[in-house]
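Remarks on the structure that follows.
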Amino acid sequence: MKWIKVADGEIPKTDGIRKIKIGGKHVCIIRHGDKLHATSVRCPHAGADLSGGWCEEERLICPYHRHAFSLETGRGDPGQGDYITVYPLEERAGEWFIGMKESWLGSLFKT
Ligand code: FES
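Just so you know, the sequence shown maps onto residues 1 to 111 in UniProt numbering.
This is how it looks when you write it as structure tokens:
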């Protein structure tokens, strides 16, 4: 796992979803209540951009067909049979870092 700093300007200051590109991937940074979450952007159902969705009861709702995904685990609601990726976020001395798996190739050339 590698930890990458999220630029302060890319963290939503109020409830909402911001799509950013980090570590070569598009990621949704989501502020919901007093928590921050990071998830994949593409809905596994039919490919909608989840950054156009919204949050309800600790779930991210897809704007196309309203599949709902846990902000904590990424698991879809019962019966959906799908899930999204949830990335770990850590605050260190007021800065936010996102944890991303290193590719096999990337870990090979790690210094
Ligand atoms: S594309 Fe997301 S629920 Fe259908």
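Don't be surprised by glycine CBs; every beta carbon is placed ideally from N, CA and C.
Endpoints, the beta strand (DSSP E) within which CYS43 is located: Here CYS43 belongs to no beta strand (DSSP E), and DSSP marks it neither H nor E.
Status (buried if at least 16 other CB within 10 Å, exposed otherwise) for HIS37: The residue is buried, with at least 16 neighbouring Cβ atoms inside 10 Å.
Buried/exposed call for PHE69, threshold 16 Cβ in 10 Å: Here PHE69 is buried. Its C-beta has 16 or more other C-beta atoms within 10 Å.
HIS65 vs GLY76 beta-carbon contact at 8 angstroms: Not closer than 8 angstroms, so no.
Span of the beta strand (DSSP E), counted from its first residue to its last, around ILE17: Here the beta strand (DSSP E) through ILE17 covers 16-22.
heavy atom of the ligand FES below 7 angstroms from HIS45 C-beta: Yes, the beta carbon of HIS45 sits closer than 7 angstroms to at least one heavy atom of the ligand FES.
Whether ARG31 touches GLY16 by CB criterion (8 angstroms): Yes, the pair counts as a contact, with Cβ atoms nearer than the cut-off.
ILE29 and ILE11 closer than 8 angstroms at C-beta: Cβ atoms of ILE29 and ILE11: closer than 8 angstroms.
Residue closest to HIS26, alpha-carbon to alpha-carbon, out of GLU56, LYS13 and VAL6: Taking each of GLU56, LYS13 and VAL6 in turn and checking the Cα distance to HIS26, the smallest one comes out for VAL6.
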